[in-house]
Each structure stands twice: as C-alpha cells, then as structure tokens.
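S.K.: Residue numbers (the working numbering): 159 to 647.
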RNA sequence: GCCCCCAUCGUCUAGAGGCCUAGGACAACAGCCUUUCACGCUGCCAACACGGGUUCGAAUCCCAUUGGGGGUACCA
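#1: Measuring CA to CA, which of 550, 392, 498 is closest to residue 642?
#2: To the nearest angstrom, report how far apart residue 438 and residue 226 are at their CA atoms.
#3: What are the boundary residues of the beta strand (DSSP E) that residue 105 is part of?
#4: Would you say the beta carbon of residue 386 comes nearer than 7 angstroms to a heavy atom of the ligand NAP?
#5: Does the Cβ-Cβ distance between residue 340 and residue 397 come in under 8 angstroms?
#6: Considering only DSSP beta bridges, list what residue 382 is partnered with.
#7: Between which two residues does the alpha helix (DSSP H) containing residue 589 stretch?
#8: Between which two residues does the alpha helix (DSSP H) holding residue 484 run?
#9: Do residue 588 and residue 626 have their C-beta atoms closer together than 8 angstroms?
#10: Spatial neighbours of residue 262 within its chain, please: CB distance less than 6 angstroms, with the 5 preceding and 5 following residues excluded, ordered by chain position.
#11: In angstroms, rounded to a whole number, what distance separates the CA positions of residue 610 and residue 574?
#12: How far does the beta strand (DSSP E) with residue 625 in it reach, from first residue to last?
#13: Quick check on the DSSP output: the beta strand (DSSP E) that includes residue 314 runs from which residue to which?
#14: Around the Cβ of residue 176, are there at least 16 other Cβ atoms within 10 angstroms (buried) or fewer (exposed)?
#15: In chain order, what residues of the same chain have a beta carbon less than 8 angstroms from the beta carbon of residue 637, not counting five sequence neighbours either side?
#16: Would the beta-carbon of residue 242 fall within 8 angstroms of that of residue 203?
#17: Is it buried or exposed, residue 186, if we count other Cβ atoms within 10 angstroms and call 16 or more buried?
#18: Just the Cα atoms here: how many angstroms apart are residue 159 and residue 368?
#19: Would you identify the three-state DSSP class for residue 323, choosing helix, strand or coil?
#20: Report, in whole angstroms, the separation of the C-beta atoms of residue 541 and residue 547, which I expect to be a contact under 8 angstroms.
#21: Can you grab the Cα-Cα spacing for the pair residue 165 / residue 518, in whole Å?
#22: When DSSP labels each residue in this structure, what does residue 218 get in the three-state scheme?
#23: What residues match up with residue 442 in a beta bridge as DSSP calls it?
#24: Three Cβ pairs or more, each shorter than 8 angstroms: is that satisfied between the region 380-389 and the region 265-281?
#25: Ignore the nearest five residues each way along the sequence and tell me which others in residue 619's own chain have a CB closer than 6 angstroms to its CB.
#26: Measuring alpha carbon to alpha carbon, tell me which of 580, 624, 424 ends up nearest residue 221.
#27: Is it true that the CB of residue 411 sits closer than 8 angstroms to the CB of residue 400?
#28: From the DSSP secondary-structure annotation, give me the bridge partner or partners of residue 410.
#29: Can you name the start and end residues of the alpha helix (DSSP H) that residue 518 belongs to?
#30: Thinking C-alpha only, which one of 171, 475, 232, 192 is nearest residue 462?
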C-alpha cells in the first residue's frame, strides 16, 4: 500500500504573502487534494528579526480567502503539532544534539566579524566565498578554551567532503551535486533558534511530509537537506521544485513590477477564483487549449508531471482579462454583493453612505461586462449617485456635433421626457428614436448629448438602461442643468 | 568567480521523432455588431536562440555555444 500524500505550505511570517508563494501553496494544495492526501500549514518563524506582527493571521486570512484550506495547522492543530516552529525549539535542539553526538555536526566559535573578513578576502582574491571549516576539527581542549571565553557557539553541519548527492526531483529529474561544494551550513544559531535547514528537515520528518514542493530557489540547498535527512536517519521525502515566477524584465517578481502580495490583488478587486485559475496556469497546463478551468477540474486533473520546468513571467494583462471572465460569470446578486464594499470604499466621499444596495443591484447589470476588477465599479458608477454632475460643455461638441444641435436635441428630449409617465428602457428607446426623427437629426446626435447630460461621460453603460435606472426626476434635472450649461436658458 | 536549472510567438503555453505549413490564450492590429464604452464574433501579425551531430526523418534525442534565471547568510 502506498502511503498517503502529505504536503505542506511553510511560509515565514514576514509580511503579506507573495503571489509566488501562493502559487506554491496552490500546487501543494492541489497535489494533496488530487491524491486524497493531506495539506499542512506550518509557520516557519525561525528568524525573530524578520518577524512581522500579525503576519500569521494575514497568511491564514489570505489562504482562506482563496479557499486553500489546510487539514493541519497552527489554528486547528493536528497530530503533529505544534505547527509553529518557535514552539518546537526543543525538537531542533534535540536533533542538533544527536548530530553533535554522532559527529555529524560540530560547534563553531567563529565570530561574525571573522566570517565577514574571511568572505571579503575570498571575494577579493576571486575565490569562492564560503566558510573555511576552521572549527570543524577543534580538539576538546580547544573547545573548552573557547567556551571559557564565553563564546556561544553555533552548530554547523559536518558536510561529507567526498561523494555525490543526487536529488531525484519529480519535475527536474535527477540532479547531481558534488558534496565538496556543499558548505558546512549553520544548523543552530547562537540565539538558540534553528536555521531553516535544520528546522525544515526535522519538521518534514516529524510531520511525515511525503512530498516537498517548493520554489526552484531551494534547489541548491536540497543536497544539504538530503544529507541532513540521512544523518538523522530519516527517510528522504520526494522533492519537486517549481519554476520561478518572474516580472516583465525577467527578474524575480518584485514590487517594481506591480502588485506582488496576494492581499494587493484582493484589495484591487480580483476574485479568488480568477487568481486560482490564473496562478494554476503559471507553470501548469491541462492541454493545448484550456484557459478557464474551475477549481474542481483543477483538483481532478492536476498532476506534477504536467508542471513545466521553465520560469514564468507574471502577465498582469492576462490576469485582468481572466478576472473579467469570472466577473461576467457572476449572477447579479453575487456581483452586487461583491461590488458593494468596493463602491462603499472608493466612490467619491461626498456621496452619502451607506449606499442603497437595491440601487446598486439595479446598476450591477449595467457594469458587469464593463469592469475587469471589482474596484473598477467605483470608477464607472459615480454619476449614478452624485447630485451635481460636473463636466465641461465642450463634451457636447466634436467634429460632427455643434452646440446648436446639442441644444436642440436636449430641448426636444426635455419636452418629450417630462411627458413620459414610465421611464422603462423600451419606452425611452422608442420615444427617443421617434424624437430624433422628428428633429431630423441622427440617433447619435440625440443620444450622445443625452449621455453627456445624464452621466457626464462619453463612455458609459447603454443610455436607455442608464436613464431607466437613474429615473425620470434625476434625468430631467440633469438635462435642464445641461441646457443651462449650453446657454439655452 | 564557482555550483545548479532552464531555453517554442512580446507574454502564458500545447508539442514526449513523422499527425507541425508548429495549435490555443492574453496583448497588438484590422473589421463586424452597435447610441458611446464594453461584451461577443471574424480576421491578421507573431516563435521552435545558434552551431554541430544521431536518424530515412528532429521543435522533439545527444554535444558544445550563447542567452536567461537561481544559489553561493547565524534569511527563509
């Protein structure tokens, strides 16, 4: 019987989660779900200096928002807890002791100053930078002496000097490293915390992680991790290194490329479903044509075999398109509910809050196919709420439109519309089309000034539907204001 | 510098020796639809980095080259 797959997402609480990390989490989650396995959330807070207050909560919030739920984790526990590394310090200490006792690790008393000087010298002499293993073979007497000086040592791994280590990577294939290029990495820092290298192998073993999926930036330290597993007598998990996510200039995706934290996308009004779909396609594909794919289909079809080896550039435009696809797939009620908080937040401040949600519901169908993020809704709908529209009278005129024609059109409209009892879309359309005929002008010559008068924009949702939502009173008031603006009294 | 990885349209990718005159999507461009915008639809531009092999046959396999990326911390 093959054992159940167990994957883990192991972020550091150093701020909001990067989309690249989320892509990794997604693949870990998909792989676990696809195989009927377990997805573990573990917090790697072994660097106290980089810790950010509230970050653990933020990580969990974002994962929940994406519906990437974990089966074991800091909040819900599990049989291998605790799931926060700072609460597992004794385990790492014990592991370090074992390695020390077996002669697989040693105490190093070198000061930071010495290490820095050493590195500087190596760089200057164009030598490969790295620790010179100065403390690797200290005698007990020498050690006692250092201890007497009051130096708190770090624990370093006594890396095998000979031989090779082969990483059997599910995505990359077999990758061979010469052991002599692997450094004597620090396992325990002088502050009593383990480094990532130690903590991660101890926990992966304790938590029975079967598959380590992580970004390709970890490839170089993988031989060391394998050696550590071996030194501890642990079974080595399977590795799969995911291709990197890059920015438009082919450098590691960073702030200058645009939004990078998942939270930023959320705040701009991207839907979690769209993010999942988009991220899944960064490094994985179903076939030669599938672009829009549901979470369910992702779970049933995901496989590590179809993960690409090539780094992918994060294409913001495609994400935007895809978000639009998902927005258009929303029902009016769903869209209303989702768009409401964004409108509350981003509509001009002079608009009275709270907004009338029923009014928003009427507006929703008019913007559904015009917005690509929820935040866009606020840009499109201000005129629905404003009491006074402000715009330039020049908007009424262009190459084929004079102020006179605009004036005639609006005067005619004012007369016709004030007689109308019912402001339905259909009635508005027939009435206004007739009016254009009567006035002897083209439909556009009537509709365009009306659009400007009622919305203060030259690009807006369909005119009749817009006017129907605005209602008779608002429309007439705005048309009259436009007449004044045009100097027609 | 050293170690490791990668290499198909601008971008995401399909392609696991003949189905490839290289497919799809985003973007761009040109149209259609249309009261504007958008949606939708149609069309169009556009790639196997380079050089050697292997083979009857190579985008697919091998080797160099070049290019790009990652690592090289008491960070993860």
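Built from N, CA and C at the ideal position, the CB exists for glycine as well.
M.R.: Working from what's here:
#1: 550
#2: 13 angstroms
#3: An answer regarding residue 105 cannot be provided, because it is not within the stretch 159 to 647 covered by the chain.
#4: Of ligands this structure carries none, so the ligand NAP is not represented either.
#5: no
#6: Per DSSP, none; premise fails for residue 382.
#7: Looking at the DSSP string, the run of the alpha helix (DSSP H) that includes residue 589 is 583-597.
#8: 474-486
#9: Cβ atoms of residue 588 and residue 626: not closer than 8 angstroms.
#10: Around residue 262: 316, 389.
#11: Their backbone Cα atoms lie some 18 angstroms apart in a straight line.
#12: That residue, residue 625, is in no beta strand (DSSP E); its alpha helix (DSSP H) goes 621-628.
#13: 312-315
#14: buried
#15: Excluding sequence neighbours, residue 637 sits near 568, 571, 572, 575, 608, 611, 612.
#16: yes
#17: Residue 186 comes out buried.
#18: For residue 159, the predicted structure reports a pLDDT of 49, less than 50, and the residue's modelled location is therefore unreliable. The matter cannot be settled from this model.
#19: strand
#20: 6 angstroms
#21: 43 angstroms
#22: helix
#23: 465
#24: With a cut-off of 8 angstroms on Cβ pairs, the region 380-389 is not in contact with the region 265-281, counting fewer than three such pairs.
#25: 524
#26: Per the Cα distances, 424.
#27: no
#28: 404
#29: First-last of the alpha helix (DSSP H) with residue 518: 515-525.
#30: 192
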